[in-house]
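There are 2 protein chains.
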Amino acid sequence: MSRFLDACYRRPTDATPVWFMRQAGRYQPEYRALRAKYDLLTMLRTPEIAVQVTLLPKALGVDALILFADILLPLVPLGLGLRFVPGKGPLLERSLRTVDDIARLQPFPIEEGLGFVLETVRGVRAAEPDLPLIGFAGAPFTLASYALEGGGSRHYQRTKTLMYAHPDAWDRLMRVLTEVTAAYLQAQVQAGAQAVQVFDSWVGALSPAMYRRAVLPHLQRLFSRLADLRVPRIYFSTGTAGWLPDLRSLDVEVISVDWRVDLDRAWAQLGGPERVAIQGNLDPLALLAPRDVLREQVHEVLRRAGGRPGHIFNLGHGILPDTDPDQVRRVVDWVHEATLAV
Amino acid sequence: MSRFLDACYRRPTDATPVWFMRQAGRYQPEYRALRAKYDLLTMLRTPEIAVQVTLLPKALGVDALILFADILLPLVPLGLGLRFVPGKGPLLERSLRTVDDIARLQPFPIEEGLGFVLETVRGVRAAEPDLPLIGFAGAPFTLASYALEGGGSRHYQRTKTLMYAHPDAWDRLMRVLTEVTAAYLQAQVQAGAQAVQVFDSWVGALSPAMYRRAVLPHLQRLFSRLADLRVPRIYFSTGTAGWLPDLRSLDVEVISVDWRVDLDRAWAQLGGPERVAIQGNLDPLALLAPRDVLREQVHEVLRRAGGRPGHIFNLGHGILPDTDPDQVRRVVDWVHEATLAV
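Chains as they are written, first to last, in the numbering used here: chain U, 1 to 342; chain G, 1001 to 1342.
The structure is reproduced here in structure tokens:
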């Protein structure tokens, strides 16, 4: 059926599938042309535009599409407000400041708060029935830290002090966000998404002990809730090299690792190809290297994957804005050429 | 002789030694009183003030002092200029922009360029002959990335593109910085420092493969150069949980790990207490937790260290400005009480 979906289930494929986090984005001239006309939030909220952007990477030869959306979108119907400030990234208008703020937080009906995303999913599926579409959402910790810090953060001081000083409020916050995330991903799959990825982009700020105690149980509940959807579930995190073996307790088909680990060693720590598929893990900066160096780096990742079923080639994090689309296309070709079954 | 020095050599001690990265700094009212009168660069460059600041943590009961200095100071005599901009951190006036900039870079005589630091070392030793004094410097990669980026960085784009596209220029840059760092630490020891710590605070941005190829050989040369000094050598890095076993190839007495690893697991990956001492690894944010939670976290670190000779209690990175000095004092007391030989 599909290289990407087969690889998620660790079935043999004719070649290693490849896609890229943020493959629809600022590095593409077609994207920038749209961005010159619309602000980012408008692009995200207008299904016609979001469908068009989601489809852009088809031209690169990727094996899967990922929805054009933002992990922070659910914070809007949660009442926190969201602005994208050029040069500063996303900022919240009303971050969570008190335990009372958290007590007032309530899940919302997905169709009402995020219906435009579901509309985009339906639009992409109608326009492109052949390439699998990956839906996604932010992981509860990553959403919580944004909701508390109000934007990006260096030390996650508000987040960690809440976790330490008000464990009950933290637990409630994580429960609400887990509930929202589960419902959001269910709705995406019902609208047609054929796989889901959960992005825990900032969880590497924690210690392993904090992760095990205050994050992992919520992730376990989240992924259990997604089990009946019968689509591959991917968990992505960065900075978690110190506790990869703990991720074995997650009921997921695929673990996506960042570039700060050797892929073979990470896979072994996660239980190996007998247990879980692995996604990754080229450094996004390698796309800015000279062509020959980039090719070496791609082959290094493939060498460590060892051609075993269950490897999905990807970056260790999202494509950076200064990336040349030709380099992305080359990576797709090299991955396919190097792994094509003869 | 000294708990701290003994532990560096993995000799049994009467209690686990403890000190804190950035223990002389902004969280202290005495420091802030000085900072109200002088700008940071003046404080760093005036031995009388730097001696006074270095000695402040004595009141906390720590087992070692660390020089009040900044890892970026050597960039001044290297011709790059350095300003500390309130709210923005350190910025360079002339960052390295081209391969020619790197070709022109030359080591400098330490006594000439950084004599004030050596004067501070002598001053601290004269004022406090009993507590061991740790000298320090930035690691070559961390200095190089600052010199290239011109300040803090999120993606280390200039650094990595130089590493990829101009490996010879990168190698020259690392050689000059290794030479400067070795000479600087030698001079500190000659002036009286009784241990040295090398701070590789940003090297966790790399992949393990890049680290092994473009960083590790320079660190190996650096620490070999420091072997005849006959003082403990400490290597500190953050974000390197994915390749701790590679650090076994460093000829050092102590490895200092961040809080993103379990101390016992990290120690095992580094070769265990038979091979190397370990320093760490409380999350600096734990100092902002309620007293009981902080105590639990301290005991968790000690439990993982298992009372084996060769553990030096520390944080996983520097103390944060919002820390209450009383919390720091409590940690010192708890570490000593919990580990005191009966």
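All residues carry an ideal CB built from backbone N, CA and C; glycine is no exception.
Minimum Cβ-Cβ distance from residue i to chain U less than 8 Å
{"i": "ASP1264 of chain G", "result": "no"}
{"i": "THR1161 of chain G", "result": "yes"}
{"i": "SER1153 of chain G", "result": "no"}
{"i": "GLU1253 of chain G", "result": "no"}
{"i": "ASP1101 of chain G", "result": "no"}
{"i": "TRP1259 of chain G", "result": "yes"}
{"i": "TYR1146 of chain G", "result": "no"}
{"i": "VAL1293 of chain G", "result": "yes"}
{"i": "ALA1165 of chain G", "result": "yes"}
{"i": "GLY1204 of chain G", "result": "yes"}
{"i": "ASP1283 of chain G", "result": "yes"}
{"i": "PRO1090 of chain G", "result": "no"}
{"i": "GLY1242 of chain G", "result": "yes"}
Residue i - DSSP class collapsed to helix/strand/coil
{"i": "ASP292 of chain U", "result": "helix"}
{"i": "ASP1262 of chain G", "result": "coil"}
{"i": "LEU1091 of chain G", "result": "strand"}
{"i": "LEU250 of chain U", "result": "coil"}
{"i": "LEU1131 of chain G", "result": "coil"}
{"i": "ASP200 of chain U", "result": "strand"}
{"i": "LEU96 of chain U", "result": "coil"}
{"i": "PHE223 of chain U", "result": "helix"}
{"i": "LEU67 of chain U", "result": "coil"}
{"i": "LEU1206 of chain G", "result": "coil"}
{"i": "HIS1317 of chain G", "result": "coil"}
{"i": "ALA1137 of chain G", "result": "strand"}
{"i": "ALA268 of chain U", "result": "helix"}
{"i": "VAL257 of chain U", "result": "coil"}
Residue interval of the alpha helix (DSSP H) (run including residue i)
{"i": "SER1145 of chain G", "result": "1140-1149"}
{"i": "GLY1115 of chain G", "result": "1110-1127"}
{"i": "ASP100 of chain U", "result": "99-104"}
{"i": "HIS1155 of chain G", "result": "Where HIS1155 of chain G is concerned, there is no enclosing alpha helix (DSSP H), given that its DSSP letter is neither H nor E."}
{"i": "VAL4 of chain U", "result": "The sequence shown places Phe at residue 4 of chain U, rather than the Val named in the question. Note, PHE4 of chain U: alpha helix (DSSP H), 3-8."}
{"i": "VAL51 of chain U", "result": "47-55"}
{"i": "VAL1085 of chain G", "result": "That residue, VAL1085 of chain G, is in no alpha helix (DSSP H); its beta strand (DSSP E) goes 1083-1085."}
{"i": "HIS1336 of chain G", "result": "1325-1339"}
{"i": "LEU1034 of chain G", "result": "1029-1037"}
Extent of the continuous beta strand (DSSP E) to which residue i belongs
{"i": "HIS343 of chain U", "result": "With chain U running from 1 to 342 in the structure shown, residue 343 of chain U is simply not present."}
{"i": "LEU282 of chain U", "result": "277-282"}
{"i": "ARG1233 of chain G", "result": "1233-1237"}
{"i": "LEU244 of chain U", "result": "Here LEU244 of chain U belongs to no beta strand (DSSP E), and DSSP marks it neither H nor E."}
Residue i, buried or exposed, once every other Cβ within 10 Å from all chains shown has been counted against 16
{"i": "PRO29 of chain U", "result": "exposed"}
{"i": "THR159 of chain U", "result": "buried"}
{"i": "LEU143 of chain U", "result": "buried"}
{"i": "LEU1244 of chain G", "result": "buried"}
{"i": "VAL1085 of chain G", "result": "exposed"}
{"i": "PRO325 of chain U", "result": "buried"}
{"i": "PRO284 of chain U", "result": "buried"}
{"i": "LEU1340 of chain G", "result": "exposed"}
{"i": "TYR1184 of chain G", "result": "buried"}
Contact with chain G by residue i, beta-carbon distance below 8 Å
{"i": "LEU287 of chain U", "result": "no"}
{"i": "TRP267 of chain U", "result": "no"}
{"i": "TYR27 of chain U", "result": "no"}
{"i": "LEU320 of chain U", "result": "yes"}
{"i": "GLN359 of chain U", "result": "This structure gives no information on residue 359 of chain U, because the portion of chain U shown stretches from 1 to 342."}
{"i": "GLY306 of chain U", "result": "no"}
{"i": "GLY239 of chain U", "result": "yes"}
{"i": "PRO290 of chain U", "result": "yes"}
Contacts of residue i in chain C (Cβ-Cβ under 8 Å)
{"i": "GLU1300 of chain G", "result": "Judged by its chain identifiers, the structure shown contains no chain C, and its protein chains are U and G."}
Residue i CB to nearest heavy atom of the ligand SAM below 7 Å
{"i": "HIS1155 of chain G", "result": "This structure simply doesn't include the ligand SAM, nor any ligand for that matter."}
Is the stretch 69-77 of chain U touching the stretch 104-120 of chain U, taking contact as three or more C-beta pairs under 8 Å? yes
Below 8 Å, can you find three or more Cβ-Cβ pairs linking the stretch 1208-1226 of chain G to the stretch 1263-1279 of chain G? no
Contact between the stretch 1257-1267 of chain G and the stretch 1297-1306 of chain G is defined here as three or more beta-carbon pairs at a separation below 8 Å; is this criterion met? yes
Would you call the stretch 147-154 of chain U and the stretch 41-50 of chain U touching, i.e. three or more CB-CB distances under 8 Å? no
When you compare the stretch 202-210 of chain U with the stretch 178-192 of chain U, are there three or more beta-carbon pairs, one atom per stretch, that lie closer than 8 Å? no
Does the stretch 1196-1205 of chain G come within contact of the stretch 1133-1140 of chain G, defined as at least 3 CB pairs closer than 8 Å? yes
Is the stretch 156-170 of chain U touching the stretch 247-259 of chain U, taking contact as three or more C-beta pairs under 8 Å? no
Should the stretch 158-173 of chain U be called in touch with the stretch 95-104 of chain U, which here means at least 3 C-beta pairs below 8 Å? yes
Are three or more beta carbon pairs between the stretch 1011-1027 of chain G and the stretch 1313-1329 of chain G nearer than 8 Å? yes
Would you be able to state if there are at least three C-beta pairs under 8 Å between the stretch 1060-1070 of chain G and the stretch 1328-1337 of chain G? yes
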